[in-house]
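For the record, the sequence lines run as chains X and B.
Just so we're aligned: the first sequence equals residues 60 to 467 in the numbering used here.
Just so we're aligned: the second sequence equals residues 60 to 467 in the numbering used here.
Here the structure is laid out as structure tokens; the discussion comes afterwards.
2 protein chains.
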Amino acid sequence: MTKIAVMGHGVVGSGTVELFLRNRDMINRKNKLDLELGYILDIRDFPGLPYSDKFTKSIDDILNDDDVKIVAEVMGGLKYAYGFVKQCLEHGKSVVTSNKELVAEKGAELLKTAKEHGCNFLFEASTGGAIPIIRPLHRCLAGNDITAVAGILNGTTNFILTKMINENMQLDEALSLAQRLGYAEKDPTADIEGHDACRKICILSSLVFGRHVYPKWVYCEGITKITAEDVRYADAWGGAVKLIGFVKKLPDGKILPEVRPAFVCRANQLSYIDDVFNGIMVYGDGFDQVMFYGRGAGKFPTASAVLGDIIDAAKMKSTSVSQTWEDSADNSFIEDHLDAEISMYVRMDGAKREDIESIFNTPEFLSCENAPENEIAFITPKMQERLIDEKLGECGGNVLGRIMVLDL
Amino acid sequence: MTKIAVMGHGVVGSGTVELFLRNRDMINRKNKLDLELGYILDIRDFPGLPYSDKFTKSIDDILNDDDVKIVAEVMGGLKYAYGFVKQCLEHGKSVVTSNKELVAEKGAELLKTAKEHGCNFLFEASTGGAIPIIRPLHRCLAGNDITAVAGILNGTTNFILTKMINENMQLDEALSLAQRLGYAEKDPTADIEGHDACRKICILSSLVFGRHVYPKWVYCEGITKITAEDVRYADAWGGAVKLIGFVKKLPDGKILPEVRPAFVCRANQLSYIDDVFNGIMVYGDGFDQVMFYGRGAGKFPTASAVLGDIIDAAKMKSTSVSQTWEDSADNSFIEDHLDAEISMYVRMDGAKREDIESIFNTPEFLSCENAPENEIAFITPKMQERLIDEKLGECGGNVLGRIMVLDL
């Protein structure tokens, strides 16, 4: 018998326990395993549950029970999770986690600890919720040179943008609705400022390119400046505004990871990912492009990914050699986003069309029904972002909106 | 050193060799492997290639070389492939294949042979081309009770339907174009009659539900009766016509696998999968729904999946216990499609609207610009398909088109 322990009995933790108990017999039969629920760690009491006898308030119960081979960390945050996870790994227990902050900040270190102790640190649930992405990236697509990843990695902001697109809402109105429906937290900063998506693109970047990418090194822009007007211009242009986390390999060997809103054209499947769903597009030399779509958050969707990792950890005989990366001493392998060449959508007033035309050398002007008369919107040719900034300064007038065009 | 052998140097075979040689150093480094190309089996000569010295015309070279641990079968068909694969497995060599016919017809037997000889029979490339679907199904989603799978599994027919939808072509016109572009073969039967998609849904059904589903047991309807008129009604209804291979678990424990054209509503992500791309939606109790999207065929996309399996086979220490299924003695676990309850789109002429209304008890009538005056199109309420057939007989007039509504 192999015992599993679950640290944290919040939304994801209770989902993990419930899904495991519901499907345990099928899981054990199909995978020739003998998994049992050993402990649930939580400082709170949960009387009256069918599994109330499994609760403990002491990590030592988990650490000292040799039958516990796999621990699911679903507490979130760094404060307690980091120490608990580290201790479990040092005791040779594999850890699976849904904690994106933990992986984005401490991934390289914890992967090293796991290796030193012959166990595994798995985190399919940390990125894209239910969507299988970590394992496909390092296993199914392992024969390829992966050149870029781009995804809608945050369901809350995608819900807000979808409401702005389909129902013509302004941002604050859509955010209020998301809060009322429980899709956004009271303090929505981590979502709408892009921090959540940033942690996820850090995890994906680290896995794909083999070096830890820390969130502080990644240019991160949220959706707070997006207006209903910008959304309408995106539609007129032939696409949709999405908050995209992406990373791409550059010809000089550096990588460019960023989180920012983007105009996504309708030829790109990501433009059709609506509401709270996530989608992750991967680009490589053999497969060209594949996309993974599903629920990026929620009790059972996240539990599904946690449970998939638990089952995998139970089957693995040694530390994974491909689901890992090295730590990075500095960010010299990361390109400054201002040096990268992009096209940008710009919406201005108070500027002259002929000035814009000559400064930007034939930009693509956009028109949109009911736009104010003195408003001009256009897509710049591709050039360094710092050059776009300079040229916008020369145009006169006010920049009302500016959004990158996704070019992948 | 571990040698790999490639059986067949056609499109996929040459793609596999080229992609392997291009990325070999990266593959070996990232996965801590020492893979080398050992042999390529083909009856033809290929002089002048950088790897021309690797060719052999004798399977014995492969069977008798103990350094060959993994063989990629990319010949296609059953005639030679079945015997060669069987022999390789009996020699304890793992086999990876892109051959959907082989897996759909002989999967259970070859999986058993692999188990008996402590090796693996892997087939990620047989379904969905580059799209990771086999491994996600039995690993990443392993904690779930999977209830249904539905996919666009054939790129040729999806290209044809896309042209009918977006460019208003009739079927024969779109098929000619597909042939000119090399997307359809001279004899397009296997694609347009649904046989190719049928093999793939058999493989997915077998894997998900654990019992071999043979193609002869599956109701299979191609796209040959679809007209530009039907496509326009689908648009008016709010969806798109797609050739769908699907399987679902029924309350009585039986399963219902089918291949047929379907009206797919715009709320379903599959409706946006266009051109030669494939998409596979999976439904389960924890994750709800996830979709996998990518190129379902082609030289390097298929090679990507073959290579992913080669790498996995090299890392696996024993026969997979979850990527397998049992043989089935008969089809008693498969529901007769005529007994299943569905809604259906019907297009008729020569019938009276009031007759249809009373016979079908408030169907949803559809209207479409420029439709002939005596044409009536509607969506039936949900009922057994054999009942729909009966009722259509009572309506009088001619049935010009009838397409299932996908209800997942």
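Glycine residues also receive a C-beta, built at the ideal position from the N, C-alpha and C atoms.
From X/G135 to X/N158, what distance separates their C-alpha atoms?
5 Å
Do X/L92 and X/I370 count as a contact pair if the criterion is CB distance below 8 Å?
yes
Report back the beta-carbon spacing between B/G357 and B/G188 to the nearest angstrom; my notes put them in contact at under 8 Å.
Going by Cβ atoms, the distance from B/G357 to B/G188 rounds to 7 Å, so yes, they are a contact pair.
Let's test the definition: count the other Cβ atoms within 10 Å of the Cβ of X/T421 and tell me whether it reaches 16, buried, or not, exposed.
exposed
Can a CB atom of chain B be found closer than 8 Å to the CB of X/A430?
Answer no: the Cβ-Cβ gap between X/A430 and chain B never drops below 8 Å.
Rank B/Q382, B/N213, B/D101 and B/G456 by C-alpha distance to the C-alpha of B/L181 and give the top, closest one.
B/Q382
For B/Q348, report the span of its beta strand (DSSP E) as first-last.
D347 to R354
Any chance the region 197-212 of chain B sits against the region 341-357 of chain B, with 3 or more Cβ pairs inside 8 Å?
yes
Taking the alpha-carbon positions, what's the X/I190 to X/D368 distance?
12 Å
Please report the straight-line C-alpha distance between X/F322 and X/N213, rounded to a whole angstrom.
Roughly 16 Å between the two C-alpha positions.
At least 3 beta-carbon pairs within less than 8 Å: the region 437-447 of chain B vs the region 324-338 of chain B:
no
Name the residue from B/I462, B/V306, B/R412 and B/L459 whose alpha carbon lies nearest to the alpha carbon of B/I393.
B/V306
Complete alpha helix (DSSP H) runs within the region 89-176 of chain X (minimum length 4 residues, chain order)
For secondary structure counted as the alpha helix (DSSP H) over 4 or more consecutive residues, the region 89-176 of chain X holds these complete runs in sequence order: 118-122, 140-149 and 159-175.
In chain B, which residues lie less than 7 Å from X/Q348 when you measure between Cβ atoms?
G353
Are the C-beta of X/N82 and some C-beta of chain B separated by less than 8 Å?
yes
Looking at the C-beta of X/Q382, does it have a partner C-beta in chain B at a distance below 8 Å?
no
On the DSSP bridge assignment, give the partners of X/C324 in chain order.
X/G298
So, using beta-carbon positions, are B/R461 and B/M403 closer together than 8 Å?
Yes; because the gap between Cβ atoms is below 8 Å, this pair is in contact.
X/S111: buried (16+ other C-beta within 10 angstroms of its C-beta) or exposed?
exposed
Counting pairs of Cβ atoms below 8 Å between the region 94-110 of chain X and the region 121-128 of chain X, do you hit three or more?
yes
Name, going along the chain, the residues of the region 227-249 of chain X whose beta-carbon falls closer than 8 Å to a beta-carbon of chain B.
Answer in chain order: no residues at all.
Of the residues B/N123, B/I118, B/G151 and B/V155, the one placed nearest B/Y139, counting alpha carbons only:
B/I118
Going by the CB atoms, is the gap between X/S265 and X/G166 shorter than 8 Å?
yes
Tell me, which residues are paired with X/N457 by DSSP?
X/D408
If you count every other CB in all the chains shown that lies within 10 Å of the CB of X/A388, and 16 or more means buried, which is it?
exposed
Can you tell me the Cα-Cα spacing of X/F268 and B/V272, whole angstroms?
40 Å
Anything in chain B within Cβ reach of X/R194, meaning under 9 Å, just list it in chain order.
P191, R194, P195, R198 and C199
I believe B/R52 touches B/A163 by the beta-carbon criterion, under 8 Å. Please report the beta-carbon distance rounded to the nearest angstrom.
As displayed, chain B neither begins before 60 nor continues past 467, which places residue 52 of chain B out of reach and without an answer.
Integer-rounded CB distance, given that X/L315 should sit under 8 Å from X/A399
5 Å
Residue nearest to B/C178 in terms of C-alpha spacing, selected from B/T186, B/Q146, B/A201 and B/G312
B/Q146
Closer than 8 Å, CB to CB, is X/L366 near chain B or not?
Chain B contact via Cβ: present.
Straight-line Cα distance separating B/H254 from X/K113:
51 Å
Given a threshold of 16 other Cβ atoms within 10 Å of its Cβ, counted over all protein chains shown, does B/V380 qualify as buried or as exposed?
It is exposed - the Cβ of B/V380 has fewer than 16 other Cβ atoms within 10 Å.
Going along chain B in order, which residues have a C-beta closer than 8 Å to the C-beta of X/A362?
In chain order: G202 and G345.
Neighbourhood of X/I102 by C-beta distance below 8 Å, restricted to the same chain and skipping five residues each side:
Around X/I102, the same chain offers K116 as residues with beta carbons nearer than 8 Å, after the five sequence neighbours per side are excluded.
Closest to X/P195 by C-alpha separation, out of X/L459, X/D386 and X/A364, would be which residue?
Ranking X/L459, X/D386 and X/A364 by Cα distance to X/P195 puts X/A364 first.
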